[in-house]
Amino acid sequence: MAAAPRPVPLLDAGFPQLKSRIIERTGHFYYQDKDDLLWERVRKRLRATGLSDSGAYLSRLEDPISGPAEWSRLEAEITIGETFFFRYAEQFSALRETILPEIIERKSAVRRLRIWSAGCSTGAEPYSLAILVRELLGESLDGWRVSILGTDINDGFLKAARQARFGPWALRSMPDAERQRYFLEAGKEQWQVRPEFRGLVRFERHNLLSLLDGSSPLELTEFDLILCRNVLIYFHPDTVVQIVGALRDRLVQDGWLLLGHAEPNPTFSAMMQTLSLPGTVAYRRGDAGAAAASPAAEPHPAGSEWKPLLPPARPERPARNPAPPRSARAAPKPPALPAAREPGDWVDAIRQRANAGDYAAAADLCRRALAGNALNAALHFYHGLVLQGLGQMEEAERSFLKSIYLDKSFAMAHYHLGLLLLAEGRSGPGRRALTNAAQIAAAMPEEHVLEEGDGATAGDLRRLVRLHLETAARSGRGG
Numbered sequence: 001m002a003a004a005p006r007p008v009p010l011l012d013a014g015f016p017q018l019k020s021r022i023i024e025r026t027g028h029f030y031y032q033d034k035d036d037l038l039w040e041r042v043r044k045r046l047r048a049t050g051l052s053d054s055g056a057y058l059s060r061l062e063d064p065i066s067g068p069a070e071w072s073r074l075e076a077e078i079t080i081g082e083t084f085f086f087r088y089a090e091q092f093s094a095l096r097e098t099i100l101p102e103i104i105e106r107k108s109a110v111r112r113l114r115i116w117s118a119g120c121s122t123g124a125e126p127y128s129l130a131i132l133v134r135e136l137l138g139e140s141l142d143g144w145r146v147s148i149l150g151t152d153i154n155d156g157f158l159k160a161a162r163q164a165r166f167g168p169w170a171l172r173s174m175p176d177a178e179r180q181r182y183f184l185e186a187g188k189e190q191w192q193v194r195p196e197f198r199g200l201v202r203f204e205r206h207n208l209l210s211l212l213d214g215s216s217p218l219e220l221t222e223f224d225l226i227l228c229r230n231v232l233i234y235f236h237p238d239t240v241v242q243i244v245g246a247l248r249d250r251l252v253q254d255g256w257l258l259l260g261h262a263e264p265n266p267t268f269s270a271m272m273q274t275l276s277l278p279g280t281v282a283y284r285r286g287d288a289g290a291a292a293a294s295p296a297a298e299p300h301p302a303g304s305e306w307k308p309l310l311p312p313a314r315p316e317r318p319a320r321n322p323a324p325p326r327s328a329r330a331a332p333k334p335p336a337l338p339a340a341r342e343p344g345d346w347v348d349a350i351r352q353r354a355n356a357g358d359y360a361a362a363a364d365l366c367r368r369a370l371a372g373n374a375l376n377a378a379l380h381f382y383h384g385l386v387l388q389g390l391g392q393m394e395e396a397e398r399s400f401l402k403s404i405y406l407d408k409s410f411a412m413a414h415y416h417l418g419l420l421l422l423a424e425g426r427s428g429p430g431r432r433a434l435t436n437a438a439q440i441a442a443a444m445p446e447e448h449v450l451e452e453g454d455g456a457t458a459g460d461l462r463r464l465v466r467l468h469l470e471t472a473a474r475s476g477r478g479g
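In full-length UniProt numbering, the protein residues as written are 1 to 479.
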């Protein structure tokens, strides 16, 4: 019988050196002041490898034989893979209405289109781009050479991206009609991107830091469009400026660059043209500092509802809660899990079940996790999302309220409670909950990334709350 794994201690003496090496290799300065979060990720690998401390684990990483595979596993733990199709509706609207039409017209003579999705996670972004490009080119697509490249540091994400199979969580912002047009059913609560869109996309492993040391592949050049969204938050501010400069150099003249809503920096305007498009900011490689002619518009954050490609417009309505859609049938109970689990482990397992469409199983995991962690606000929050996805609105509301009771500053719990109440027609309480979320976010720095916020910042949340409140007011709901 194999010996039981040794208990993993709290932060040990070798952790600072290990942390320094991780940041050096990955560039993830995001973890510089987040020891607890990084240690939680590292501890999973310690348990998996049976190693007892950071020093032993660093030796494993530096081993020429076992190191490369272990680095890959660790990078899978410390990178965030949350994504969904047509994320950031305003940016995809800008792509559909302005950016891609301009590129297509300008490149009509050579009929060559090159797009790079840097930090593509499990592939939703490049596949979204493939859908959009095919819709825009229509029957003329056969005469074009279209290349859409998705890159990421995480091998696990890339493997999933190549399979092109997604659950309801990744498709949560997409109406059923569009889901049927762009995907094939591939099992229970699973959909696969149709071949005509998959054929436009390829995936490669790439670390953005290689752009700075000269080791990046030579083929990563002459792009018409680069998207690098919600990746730069990991890096040191000085490194961010260098990376953006390197991305600019990989664009053709007049090529376009899109960053995440929370990532624009005044320094970038000295490096590229800055264009204020409706709802977002875009950059072009051209005369440095040239201002855009279009009027400025304040960006809106993630979570806005995606508008389908056809028809081009439809009436506005409040953005939907990104909880998973309802499951028609209860999924089988998951296998037994060890009794001693950390809250972060439970959250990861819950998200995995929800992402696979096993919402009954996700709810069961929530109940089991809360049995031993009844005072954990994040677990109550995810229980609320899962219950809402199952259509159990009263129970979901109670879970959000429990989360708020345990952590009154939990902005995303206030926010999702507000969306639930608005969806139930309870405008007065819903608006109050959303206002509470905005007030909590207002006390934070604009660029602060919210806990359990899917990458959204405090500034994002304030703008999104304002959008919801304005939309609710236009709809004429009473309080």
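We put the beta carbon where it would ideally sit given N, CA and C, even for glycine.
Here's a check: name, in chain order, each residue in its chain whose Cβ is nearer than 6 Å to the Cβ of residue i, leaving out the five neighbours to either side.
| i | result |
| --- | --- |
| S128 | F85 and F86 |
| E470 | none |
| A94 | L277 and T280 |
| L100 | L136 |
| V231 | G119 |
| I131 | Y182 and F197 |
| W116 | L149, F223 and I226 |
In or out: residue i buried (at least 16 other Cβ within 10 Å) or exposed?
| i | result |
| --- | --- |
| A369 | buried |
| S54 | buried |
| I440 | buried |
| R462 | buried |
| I65 | exposed |
| G214 | exposed |
| Q273 | buried |
| L375 | exposed |
| S121 | buried |
| K44 | buried |
| D460 | buried |
| S399 | buried |
| E24 | exposed |
| D152 | buried |
If contacts are defined as beta-carbon pairs under 8 Å, then residue i and residue j qualify, I think. What distance do you get, rounded to the angstrom?
| i | j | result |
| --- | --- | --- |
| E196 | P168 | Actually they are not in contact, since the Cβ atoms of E196 and P168 sit about 22 Å apart, beyond 8 Å. |
| V146 | L200 | 5 Å |
| A377 | D407 | 4 Å |
| R284 | D238 | 24 Å between Cβ atoms; not a contact. |
How long is the line joining the alpha carbons of residue i and residue j, rounded to whole angstroms?
| i | j | result |
| --- | --- | --- |
| E447 | C228 | 17 Å |
| A336 | I104 | Caution applies to A336, whose pLDDT of 44 falls short of 50 and renders its modelled position unreliable; the value that the coordinates give is listed next. Taking the straight line joining both Cα atoms gives about 53 Å. |
| R250 | M412 | 37 Å |
| T26 | L11 | 21 Å |
| residue 484 | V193 | Because residue 484 is not part of the residues shown, which for the chain are 1 to 479, the question remains open. |
| A293 | E395 | Unreliable positioning characterises A293 in this predicted model, as indicated by a pLDDT of 34, which lies under 50. The coordinate reading is nonetheless provided below. The alpha-carbon atoms of A293 and E395 are separated by roughly 50 Å. |
| R47 | S427 | 48 Å |
| E90 | P429 | 28 Å |
| A109 | F92 | 25 Å |
| F410 | E397 | 15 Å |
| L184 | P175 | 15 Å |
| L18 | T98 | 46 Å |
| A246 | A371 | 50 Å |
| G286 | L211 | 20 Å |
| R466 | G260 | 19 Å |
| W306 | V244 | Legend: pLDDT at W306 = 33, less than 50; position of this residue unreliable, value from coordinates given subsequently. In a straight line, the C-alpha of W306 is about 27 Å away from that of V244. |
Which residue from the options puts its Cα closest to that of residue i?
| i | options | result |
| --- | --- | --- |
| R432 | H416, M444 and E185 | H416 |
| A76 | T221, E24 and K159 | K159 |
| V240 | M271, E219 and E222 | M271 |
| R162 | G150, A170 and L171 | G150 |
| L166 | D155, R179 and V449 | Correcting the residue type first, residue 166 is Phe in the shown sequence and not Leu. Among D155, R179 and V449, the Cα nearest to that of F166 belongs to R179. |
| residue 480 | H383, D460 and A473 | The displayed coordinates of the chain run from 1 to 479. Any statement about residue 480 would go beyond what the structure contains. |
| G384 | R351, S409 and G372 | R351 |
| P217 | I226, P237, L225 and N207 | N207 |
| F235 | Y31, W116 and L275 | Y31 |
| Q242 | A69, Q253, E222 and N265 | N265 |
| A186 | A164, E204 and N373 | A164 |
| F29 | I233, F203 and G286 | I233 |
| I22 | T49, A437, L58 and G50 | L58 |
| E342 | S20, K107, F15 and W39 | W39 |
| K107 | N373, Y405 and V252 | V252 |
| E204 | V465, F157, L212 and M393 | F157 |
| L113 | S20, T49, G14 and T221 | T221 |
Can you list, in chain order, the residues of its chain whose CB lies under 7 Å from that of residue i, leaving out five sequence neighbours each side?
| i | result |
| --- | --- |
| L141 | R134 |
| R353 | P334, A361, A362 and L365 |
| R41 | E77 and I78 |
| G143 | R111 |
| K402 | H380 |
| Y382 | V347, I350 and C366 |
| A458 | A441, M444, P445, E446, H448 and L450 |
| A330 | Unreliable placement is indicated for A330, whose pLDDT of 38 sits below 50; the coordinate value is still reported in the next sentence. Within the same chain, A330 has close Cβ partners A360. |
Can you check whether the C-beta of residue i is within less than 8 Å of a C-beta belonging to chain C?
| i | result |
| --- | --- |
| W116 | Any reference to chain C falls outside this structure, which holds one protein chain only. |
Taking 8 Å as the limit between beta carbons, can you name the residues of its chain near residue i, skipping five residues before and five after?
| i | result |
| --- | --- |
| N321 | Reliability of the predicted coordinates at N321 is poor, the pLDDT of 36 falling under 50, and the value obtained from them is presented with this limitation in mind. For N321, where only same-chain residues beyond five positions count, the Cβ hits under 8 Å are L385, Q388, H416, L419, L420 and A423. |
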